[in-house]
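Residue numbers (our numbering): 142 to 204.
Note that the Cβ used here is the ideal one computed from N, Cα and C, for glycine as well.
Accompanying notes for the structure given below.
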């Protein structure tokens with residue numbers, strides 16, 4: 142199996158496992174989880190801003 146074709150996270154995990162052992166793997170896993178959490182928070186924030194904008198437009202329209 143070609144590790145590179147599996148994606149950057151898998152490649153990073155493989156490199157960490159070969160060089161740093163369990164500590165390296167945990168570090169990569171944590172940064173991966175952290176990136177996903179940050180991305181989902183950013184998306185949630187963008188959705189909230191968009192919906193707040195819609196509410197503002199609706200209020201102006203009714204007034």
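Cβ separation of residue i and residue j, assumed to be a contact under 8 Å, to the nearest whole Å
| i | j | result |
| --- | --- | --- |
| residue 153 | residue 174 | About 13 Å; that fails the 8 Å criterion. |
Secondary structure of residue i, DSSP reduced to three states
| i | result |
| --- | --- |
| residue 187 | helix |
Heavy atom of the ligand FMN within 7 Å of residue i beta-carbon
| i | result |
| --- | --- |
| residue 183 | With respect to small molecules bound, the structure shown includes none, and the ligand FMN cannot be examined in it. |
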